[in-house]
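Numbering (this note's numbering), first residue to last: 105 to 502.
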């Protein structure tokens with residue numbers, strides 16, 4: 105009798121769990137649908153999502169990527185086709201897709217959206233645009249041959265060789281912050297663009313990038329930078345003076361050594377970049393990043409940022425959600441081992457976004473890094489939902 109009762113209870117628990125998961129999946133679809141309805145209302149008469157001249161082409165590309173990544177919209181849907189026509193029209197002579205500033209940021213995000221539309225359509229549309237944009241992104245990667253695009257030699261940066269922590273990275277491109285420097289966020293965008301465009305992981309651009317990305321991981325066995333610790337997470341950039349930079353701040357060891365704090369959005373960006381750059385799932389650098397993600401799992405904040413100050417906890421929160429979804433989908437692991445036990449990140453992410461969606465279908469957040477812009481943040485959120493729903497279709501929850 106006890107055996108039968110135990111079996112019966114187990115079966116009921118399994119049925120309840122499955123029902124709850126299915127409800128969450130349905131909720132995820134509804135969230136994405138309402139988010140896309142909000143984005144549809146924000147499209148401008150010219151086909152873009154750029155309400156004024158201060159809004160970069162990347163916002164249009166993010167919105168389009170949200171649409172083409174969702175099963176409800178085809179690449180030839182009128183609003184989607186009109187948007188891509190407007191985006192392609194913003195490509196300039198050098199192959200980039202930008203308007204004066206943030207050349208890499210805008211071109212990389214635009215290339216990824218165009219490549220996703222081409223893949224979904226199953227034809228060669230936008231290939232010339234993509235090829236020109238990829239060639240431009242290649243020229244922006246920091247190598248000894250790369251020169252920063254600035255007025256006045258006193259503002260320029262250059263790379264001395266492979267030992268330089270700038271080597272293999274990407275920055276904003278054009279006239280970026282200060283005297284110019286690469287960072288992991290921009291490198292992750294460029295690498296995703298190359299990956300989605302079909303560039304193989306053994307390409308020299310990816311090989312160079314592996315060196316750059318490894319030098320931003322807190323793993324002293326594979327990182328020769330003096331600030332490197334060993335928690336496996338990632339920081340933001342080498343900084344302009346090559347001393348290292350983290351928006352989560354820094355600490356000092358009992359021996360007086362400086363250490364940079366890892367944080368969530370950059371750790372997931374680093375994980376995704378390593379996967380796209382051809383590192384195996386059992387590579388020690390990948391395993392260290394996944395371990396950091398499990399040890400610091402939360403969707404209530406951008407983990408690590410609160411250690412710098414309490415008011416920084418939600419800086420970049422929706423970008424963090426986007427990186428969680430894109431990197432763990434690429435890692436192809438539906439369940440993450442955390443300090444509180446196994447977590448199905450897809451279901452957890454849908455639940456977190458459900459709690460934060462506004463009544464008009466949009467999302468918005470902290471003003472830092474423009475996350476108070478509902479158009480951009482809604483695009484982030486729908487892209488994250490699309491990745492979670494795609495992964496759920498490939499790996500149904502147990």
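Even glycine gets a Cβ: it sits at the ideal position worked out from N, Cα and C.
CB residue i to CB residue j, shorter than 9 Å?
i, j, result
"residue 277", "residue 244", "yes"
"residue 388", "residue 314", "no"
"residue 482", "residue 170", "yes"
"residue 417", "residue 453", "no"
"residue 212", "residue 234", "no"
"residue 398", "residue 442", "yes"
"residue 499", "residue 436", "yes"
"residue 204", "residue 194", "no"
"residue 288", "residue 366", "no"
"residue 321", "residue 393", "yes"
"residue 375", "residue 298", "no"
"residue 344", "residue 284", "yes"
"residue 424", "residue 485", "no"
"residue 405", "residue 426", "no"
"residue 469", "residue 396", "no"
"residue 310", "residue 230", "no"
"residue 144", "residue 191", "no"
"residue 501", "residue 196", "no"
Could you check what DSSP says for residue i in three-state terms: helix, strand or coil?
i, result
"residue 234", "helix"
"residue 348", "coil"
"residue 369", "helix"
"residue 356", "strand"
"residue 467", "coil"
"residue 501", "coil"
"residue 362", "strand"
"residue 396", "helix"
"residue 473", "helix"
"residue 131", "helix"
"residue 142", "helix"
"residue 307", "coil"
"residue 120", "Bear in mind that a pLDDT of 42 at residue 120, under 50, signals an unreliable position, so the number given afterwards is only what the model happens to contain. Here residue 120 sits in helix by DSSP."
"residue 270", "coil"
"residue 244", "helix"
"residue 495", "helix"
"residue 289", "helix"
"residue 404", "coil"
By Cβ distance below 7 Å, which residues in the same chain neighbour residue i in space, the five residues on each side in sequence not counted?
i, result
"residue 133", "493"
"residue 101", "Residue 101 lies beyond the residue range present for the chain, which begins at 105 and ends at 502; the question has no answer from this structure."
"residue 316", "271, 272, 273, 286 and 291"
"residue 263", "246, 247, 248, 250, 270 and 271"
Below 8 Å CB to CB, which residues in the same chain sit around residue i once its five sequence neighbours on both sides are set aside?
i, result
"residue 300", "215, 216, 219, 220 and 223"
"residue 356", "362 and 363"
"residue 401", "407, 440, 442, 443, 444 and 447"
"residue 160", "154, 202, 203, 205, 206, 209 and 210"
Within the same chain, show all residues whose beta-carbon is closer than 6 Å to that of residue i, passing over the 5 residues directly before and after it, in chain order.
i, result
"residue 138", "465"
Those runs of the alpha helix (DSSP H) which lie wholly inside the stretch 409 to 463 and span at least 4 residues: For the stretch 409 to 463, whole alpha helix (DSSP H) runs of length 4 or above, ordered along the chain, are 421 to 435 and 449 to 460.
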